[in-house]
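Counting from 5, one number per residue, gives the positions in the sequence shown under this note's numbering. Structure, as structure tokens:
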Amino acid sequence: MVNTELEWLEIRLNGTYDYVDYFVIVESAKTFTNRDKPLFIKNNMDRFAAYRDKIIYHQLEIPEGFHSDRANPAWAWEDLQRNAMYDQVLPRLTGAKAPAEGDVLIVADVDELVRPETILVLKACQFPRRLTLRSHFYYYSFQFLHEGTQWDHPQATYYQGWRTILPVNLRNSDGGLQPLIKLEKGNLWSAGWHCSTCFSTIEEVLTKLSSFSHQWMNHEAYRDPDRIADRVRNGKDLWDREGQSYERIENNRDIPGLLLKEPDRFPWLTNRDGPTAGFLDYPEKQEPTA
5 MVNTELEWLE IRLNGTYDYV DYFVIVESAK TFTNRDKPLF IKNNMDRFAA
55 YRDKIIYHQL EIPEGFHSDR ANPAWAWEDL QRNAMYDQVL PRLTGAKAPA
105 EGDVLIVADV DELVRPETIL VLKACQFPRR LTLRSHFYYY SFQFLHEGTQ
155 WDHPQATYYQ GWRTILPVNL RNSDGGLQPL IKLEKGNLWS AGWHCSTCFS
205 TIEEVLTKLS SFSHQWMNHE AYRDPDRIAD RVRNGKDLWD REGQSYERIE
255 NNRDIPGLLL KEPDRFPWLT NRDGPTAGFL DYPEKQEPTA
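Here it is, written out as structure tokens:
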């Protein structure tokens, strides 16, 4: 599932192209808060020409009159997009692209990256129907490792026709009787990387805040560019949440392959030091003084 993160999609495609059969990309013209947004992937598909033969792109189809009576309707929009892979994409695939019984399915956000070695394990070994691919959890860049347990996404399962676990149920560990769900669950540790709020521009951070299902995170106090840059530069939680702390790691080498091969293309993903905090649009360009 993709929002605006073109860099992350390229890093993902580059790192696992030789290991997967297809990448299913679901993109929406609406945010989770039902605001119009550009189709970033569709409009920039030329950037991914080297990987195009394995990309199955789908623009989310929004049912006419779609709405939700849930206390937070944004969750319904998020669920609609997550389940679209199963509801709107897989049933329409034909030929070599059609899923076969037992095919491995990985359900992830674009910034939840899976190690190539993890994919080899999944293709070669039997695993539980609800497998969590535990990921090293970073904030702002690969310079700040979240202290605590590893991130509990993405998830993997296998195709079983109509019995395939829906992406939302897979991610949320629901959609059945809890005692039975527990028997189907498993963890594969250090299976990948998750980098949250790892953007190249302040503008992207603000866009992300606007699209959050958690609308309290979009409060005006958290949208101040100076505050954002300060938190990112110093590895502090943007929302001042209790218990959220990060370990600074200099010269981190346990990172996706494209960042090792071409570090100068993505400097903000490895170093947030300095006045700009790695952002390409901060501080705003100043007019020269007389």
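Built from N, CA and C at the ideal position, the CB exists for glycine as well.
Would you kindly work out how many angstroms separate the C-alpha atoms of Q290 and G152, rounded to a whole number?
-> As a first step, residue 290 must be located in the sequence shown, where it is residue number 286. As a first step, residue 152 must be located in the sequence shown, where it is residue number 148. Summary for Q290: the model assigns pLDDT 39, below 50, so the residue's position carries little reliability; its value from the coordinates is reported in the next sentence. Going by the C-alpha atoms only, they are around 40 Å apart.
Expected contact under 8 Å - CB spacing of Y23 and I110 to nearest Å = By one-based count along the sequence shown, residue 23 stands at place 19. By one-based count along the sequence shown, residue 110 stands at place 106. With 8 Å as the limit, Y23 and I110 do not qualify as a contact, their Cβ atoms being about 11 Å apart.
Reference H140; option with closest CA among A195, E9, L94 and E121 = For the purposes of this step, residue 140 is identified with residue 136 of the sequence shown, where counting begins at 1. Of the candidates A195, E9, L94 and E121, the one whose C-alpha sits nearest the C-alpha of H140 is A195.
Is N48 buried or exposed, if buried means 16 or more other CB atoms sit within 10 Å of its CB?
-> Position 44 of the sequence shown holds residue 48. N48 comes out exposed.
So is R16 buried or exposed if we call it buried at 16+ other beta carbons inside 10 Å?
-> Taking the first residue of the sequence shown as position 1, residue 16 is located at position 12. It is buried - the Cβ of R16 has at least 16 other Cβ atoms within 10 Å.
On the three-state DSSP scale, how would you describe Q290?
-> On the sequence shown, position 286 is the one that residue 290 refers to. The predicted position of Q290 is uncertain, since its pLDDT is 39 and thus under 50; no value can be drawn from it.
Neighbourhood of F27 by C-beta, 6 Å cutoff - its chain only, sequence neighbours within 5 removed | What you label residue 27 is simply residue 23 of the sequence shown in a count that begins at 1. So the list reads K58 and I59, once near-sequence residues are dropped.
Consult DSSP for Y61 and reduce its assignment to one of helix, strand or coil.
-> Numbered from 1 along the sequence shown, position 57 holds the residue referred to as residue 61. In the structure shown, Y61 sits in a strand (DSSP, three-state: E or B).
What are the boundary residues of the alpha helix (DSSP H) that includes N176?
-> The residue labelled residue 176 in the question sits at position 172 within the sequence shown. Start and end: P171 to N176.
Please name the residue or residues paired with I110 in a DSSP beta bridge.
-> Taking the sequence shown and counting its residues from 1, the one referred to as residue 110 is at position 106. Answer by DSSP bridge pairing, in chain order: A160.
Is the stretch 150-166 in contact with the stretch 248-265, if contact means three or more CB pairs nearer than 8 Å?
-> yes
What first and last residue would you give for the beta strand (DSSP E) that runs through L78?
-> Residue mapping note: residue 78 aligns to position 74 of the sequence shown, counting from 1. A small fix is needed here, since residue 78 is Ala in this sequence, not Leu. That residue, A78, is in no beta strand (DSSP E); its alpha helix (DSSP H) goes A78 to A88.
Would you kindly check if the distance between the Cβ of G179 and the Cβ of L170 is under 8 Å?
-> Taking the first residue of the sequence shown as 1, we reach residue 170 at position 166. Taking the first residue of the sequence shown as 1, we reach residue 179 at position 175. Yes, Cβ-Cβ distance for L170 and G179 is below 8 Å.
Thinking just about the alpha-carbon of each residue, which of Y143, P103, R175 and A75 is nearest to the one in L273?
-> Residue mapping note: residue 273 aligns to position 269 of the sequence shown, counting from 1. Out of Y143, P103, R175 and A75, Y143 has the C-alpha closest to the C-alpha of L273.
Identify every run of the alpha helix (DSSP H) within the stretch 105-151, keeping only runs that are complete inside it and at least 4 residues long; order them along the chain.
-> 120-128
In its own chain, which residues sit with a C-beta less than 6 Å from the C-beta of W197, not counting the 5 before and 5 after it?
-> For the purposes of this step, residue 197 is taken as the residue at position 193 of the sequence shown. So the qualifying residues of the chain are L117, S139 and H140.
Thinking C-beta only, is E105 closer than 8 Å to R51?
-> Position 47 of the sequence shown, counting from 1, holds the residue named residue 51. Position 101 of the sequence shown, counting from 1, holds the residue named residue 105. No, the pair does not count as a contact, with Cβ atoms beyond the cut-off.
What are the boundary residues of the beta strand (DSSP E) that includes V28?
-> Here residue 28 is taken as the residue at index 24 of the sequence shown, counted from 1. Where V28 is concerned, the enclosing beta strand (DSSP E) stretches over F27 to E31.
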